[in-house]
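Novice: This is the structure I have questions about; it appears just below.
Structure representation (C-alpha cells):
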C-alpha cells in the first residue's frame with residue numbers, strides 16, 4: 001500500500017541536515033498511545049530501525065557502527081532510511097514490534113518487520129538492509145548477470161521454469177528467508193553447459209563449487225531444504241552463525257587449528273552424501289562462546305559436536321588424529337553410541353538460568369561498576385530492610401502477647417488467692433462466733449435475774 005502521512009499520534013521529527021546520517025529519530029516520537037500497526041504508516045516505506053536502551057553497554061558499542069550505516073546508506077542513494085528509538089522511553093512502540101532485548105535491529109517494510117540477527121558490522125547491516133528492501137526474488141536475465149552474482153555470493157538459490165505450484169512455494173520461502181540470503185529466478189539458458197537439470201521447473205542451489213537440486217520427495221519441504229542449504233558445506237562459525245544454525249536443528253562440528261581444519265574439510269567434501277542431511281561443518285576461533293554455551297570449558301584445539309535442537313553436545317573419548325577416527329566419532333553420534341552431555345532437561349534449565357544470571361551480573365559490573373551497584377544494590381537493600389522490618393514486627397508482637405499472657409496469668413492467680421482466703425474465713429467464722437454467743441446468752445440471763453430481783457414493793461405485794 002502507498003505510504004500515507006504519519007498518524008497524528010506518531011510525531012516523528014525529521015532530520016534533513018547533511019551532517020546527520022539519520023533521517024529521523026524515533027526517540028522524539030509517539031505521543032501518548034499507539035494504534036494497531038495497520039492503522040498507521042511510517043513516513044517512509046523502508047526503514048532500518050535500531051531499538052536501544054540508554055544504559056545498554058552493547059548499544060553504546062553499536063552507536064559508531066550505526067552512525068556509519070546511516071552514512072553509507074544515505075550516500076549510496078539507498079531507499080532505506082535509518083533511525084533509532086529509545087525503547088525504554090517508548091515501550092508501546094517496542095512492544096508493538098516484539099522487542100525483547102537491546103540492541104534490536106529491524107527493517108520495517110510496509111506491514112512487515114524483519115529481524116536482523118547477523119554480525120553487528122557496517123557491511124553486514126548495509127547488505128541486510130539492501131537485500132530485504134528489494135524484491136524477494138530477483139531476475140537473472142543473462143549469463144553475464146548470472147556469472148556476476150556467482151562471484152558476489154557464496155550461496156545462490158535460483159528458480160528455473162515457468163508458472164507452477166513450485167514457483168508459488170519458492171516465492172513464499174523467499175519472502176520468509178530473505179533476511180538470510182538472496183533468491184533469484186532465471187531461464188535454463190543462463191546456466192553454463194555443465195549445468196544439467198533432470199526436469200523443469202526446478203530449484204537449484206549453487207555453492208562450494210557445485211550445484212544441488214531440490215527433490216520434493218527426498219528433501220521434504222522446500223523451506224526446510226533452503227534453510228539447511230543456505231550454509232556452505234564448511235564455514236567459520238561465530239555466535240551469530242551458531243544461532244542461525246540452531247534454528248535449522250542441525251548438528252554442527254566446531255574445532256580449531258590446521259590439522260582439524262584439514263580433516264573436517266575433507267570429511268565435509270568427501271562424505272557429503274552421508275552427513276549433509278544431519279551435519280553442518282565449520283570452525284570457531286577461541287573457546288569463549290562455546291564455553292558459555294555448554295556451561296563448561298573446552299580445551300583448544302578440540303572437536304565438539306553440538307546438537308542445536310536439544311542443546312546436547314558430544315566430545316570424543318580419545319584425541320582425533322586421522323580422518324577415520326573423525327568419521328567413526330560422527331557415526332557414533334548418529335547411531336547413539338557416543339555419550340551425550342548437557343541437554344534441555346529441567347535440571348539443565350535451572351543451571352542455565354543460574355549461569356545466565358551470573359554471567360549477566362558479571363558483565364554489568366565489568367562494563368559499569370556504578371550502574372551494577374545501583375541496579376542490584378538498591379533492590380537488595382530494599383529487600384533487606386523489608387525482611388528486617390518483618391522480623392522485628394513479629395518479635396515485638398510476640399513479646400506483647402507474652403506480656404499480656406503473663407498479666408492475665410498473674411490476675412488469675414490473685415483471684416484464686418482471694419477466693420481461697422474468703423473460703424478459709426467462712427470456715428473459721430463459726431468456730432470464732434460460737435464462744436462469743438455463749439457468753440452473750442449468759443450475760444442476758446444474769447441481766448434478767450437482776451431485773452427480777454429488783455421488782456417494786458407494789459409488784460411484790462401483788463405477787
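Residue numbers (full-length UniProt numbering): 1 to 463.
Using N, Cα and C, we set each Cβ at its ideal position, and we do this for glycine too.
Owing to the predicted nature of the structure, the values given are computational and were not obtained by experimental measurement.
1) When DSSP builds the beta bridges, which residues end up paired with residue 49?
2) So what does DSSP say about residue 352, is it helix, strand or coil?
3) Is it true that the CB of residue 203 sits closer than 8 Å to the CB of residue 180?
4) Based on Cα-Cα distance, which residue from 225, 284, 349 and 228 lies nearest to residue 471?
5) Looking at C-alpha atoms only, which residue of 341, 323, 276 and 297 is the closest neighbour of residue 306?
6) Taking the alpha-carbon positions, what's the residue 40 to residue 337 distance?
7) Could you tell me if residue 335 is buried or exposed, where buried requires 16 or more neighbouring beta carbons within 10 angstroms of its beta carbon?
8) Beta-carbon separation of residue 119 and residue 58 under 8 Å?
9) Using 8 Å as the cut-off, can you tell me whether the region 311 to 325 makes contact with the region 356 to 368, which would need three or more C-beta pairs spanning the two stretches below that distance?
10) If you scan the region 164 to 239 from start to end, which runs of the alpha helix (DSSP H) of 4 or more residues do you find wholly inside it?
11) Would residue 316 pass as a contact of residue 329 if the rule is Cβ separation under 8 Å?
12) Report the rounded CA-to-CA distance for residue 62 versus residue 78, giving the unit in angstroms.
13) Using the DSSP secondary-structure output, state which residues sit across from residue 153 in a beta bridge.
14) Measure from the alpha carbon of residue 159 to the alpha carbon of each residue in 116, 115, 52 and 212, then state which is nearest.
15) Out of 284, 308 and 351, point me to the one whose CA is closest to residue 296's CA.
16) Closest to residue 333 by CA distance: which of 344, 278 and 289 is it?
17) What does residue 139 pair with, by DSSP beta-bridge criteria?
18) Residue 87 and residue 51: beta carbons closer than 8 Å?
19) Taking the beta carbon of residue 64 as the centre, do at least 16 other beta carbons fall within 10 Å, making it buried, or is it exposed?
20) According to DSSP, simplified to helix, strand and coil, what is residue 314?
21) Would you grab the beta carbon distance between residue 140 and residue 173 for me? Rounded to a whole angstrom, and I think it's under 8 Å.
22) How about the region 128 to 148 and the region 177 to 197: do they share at least three Cβ pairs that are nearer than 8 Å?
23) Of the choices 95, 71, 84 and 68, whose alpha-carbon is the least far from that of residue 107?
24) Measure the beta-carbon distance from residue 281 to residue 205 and round it to whole angstroms, keeping in mind my assumption that it falls under 8 Å.
25) Roughly how many angstroms lie between the CA atoms of residue 192 and residue 143, to the nearest whole one?
26) Alpha carbon to alpha carbon, what distance is there between residue 154 and residue 127?
27) What residues match up with residue 92 in a beta bridge as DSSP calls it?
28) On the premise that residue 227 lies in contact with residue 261, defined as a C-beta separation below 8 Å, what is that separation, rounded to the nearest angstrom?
29) What is the rounded straight-line gap between the Cα of residue 56 and the Cα of residue 99?
30) Indicate whether residue 114 and residue 125 have their beta-carbon atoms separated by less than 8 Å.
31) Among the residues of its own chain, which have a CB less than 6 Å from the CB of residue 229, if the five just before and after it don't count?
32) Rounded to the nearest angstrom, what separates residue 291 and residue 366 at their Cα positions?
33) Would residue 393 pass as an interface residue toward chain B - the criterion being a Cβ-Cβ separation below 8 Å?
34) Looking at the structure shown, is residue 329 part of a helix, part of a strand, or coil, going by DSSP?
35) Cβ atoms of residue 198 and residue 166: under 8 Å apart, would you say?
36) Going by C-alpha distance, which of 232, 382, 148 and 299 is nearest residue 269?
Specialist: Working from what's here:
1) The partner list for residue 49 (beta bridge, DSSP) reads 83 and 106.
2) Note: residue 352 maps to helix in three-state DSSP.
3) Against a cut-off of 8 Å, the Cβ pair of residue 203 and residue 180 comes out as no contact.
4) Missing from the structure shown is residue 471; the chain here goes from 1 to 463 and no further.
5) For residue 306, the nearest C-alpha among the options comes from 341.
6) The predicted position of residue 40 is uncertain, since its pLDDT is 37 and thus under 50; no value can be drawn from it.
7) Burial call: exposed.
8) No, they are not a contact pair.
9) Taking 8 Å as the limit for Cβ pairs, the verdict is that the region 356 to 368 does not touch the region 311 to 325.
10) When DSSP assignments are scanned along the region 164 to 239, the uninterrupted stretches of alpha helix (DSSP H) that are 4 or more residues long and fall wholly within it turn out to be 165 to 177 and 222 to 229.
11) Yes, the pair counts as a contact, with Cβ atoms nearer than the cut-off.
12) Their backbone Cα atoms lie some 21 Å apart in a straight line.
13) Residue pairing for residue 153: DSSP places it in no beta bridge.
14) If we check each option's Cα against that of residue 159, 212 comes out closest.
15) The residue from 284, 308 and 351 with its alpha-carbon nearest to that of residue 296 is 351.
16) Of the listed residues, the one whose Cα sits closest to residue 333 is 278.
17) Answer is 185, bridged to residue 139.
18) In contact: residue 87 and residue 51 (Cβ atoms closer than 8 Å).
19) It counts as exposed.
20) The answer is strand: DSSP assigns residue 314 an E or B state.
21) Your pair residue 140 and residue 173 does not check out as a contact, with CB atoms roughly 18 Å apart and the cut at 8 Å.
22) The answer is yes - the region 177 to 197 touches the region 128 to 148, with three or more Cβ pairs under 8 Å.
23) The shortest C-alpha to C-alpha distance from residue 107 to any of 95, 71, 84 and 68 is the one to 84.
24) In fact, because the Cβ distance is near 17 Å, the residues do not count as touching under 8 Å.
25) Each residue's CA atom was taken as its position, placing residue 192 and residue 143 some 8 Å apart.
26) Residue 127 and residue 154: Cα-Cα distance of roughly 14 Å.
27) The partner list for residue 92 (beta bridge, DSSP) is empty, contrary to what the question assumes.
28) About 26 Å separates the two Cβ atoms, so there is no contact after all.
29) CA-to-CA, the gap between residue 56 and residue 99 works out to about 14 Å.
30) Their beta carbons are not under 8 Å apart, which means residue 114 does not touch residue 125 by this criterion.
31) Excluding sequence neighbours, residue 229 sits near 205.
32) The straight-line gap from Cα to Cα measures roughly 19 Å.
33) Included in the structure is just one protein chain, with no chain B present.
34) The DSSP-derived three-state label of residue 329 is helix.
35) No, they are not a contact pair.
36) Nearest option by C-alpha distance: 232.
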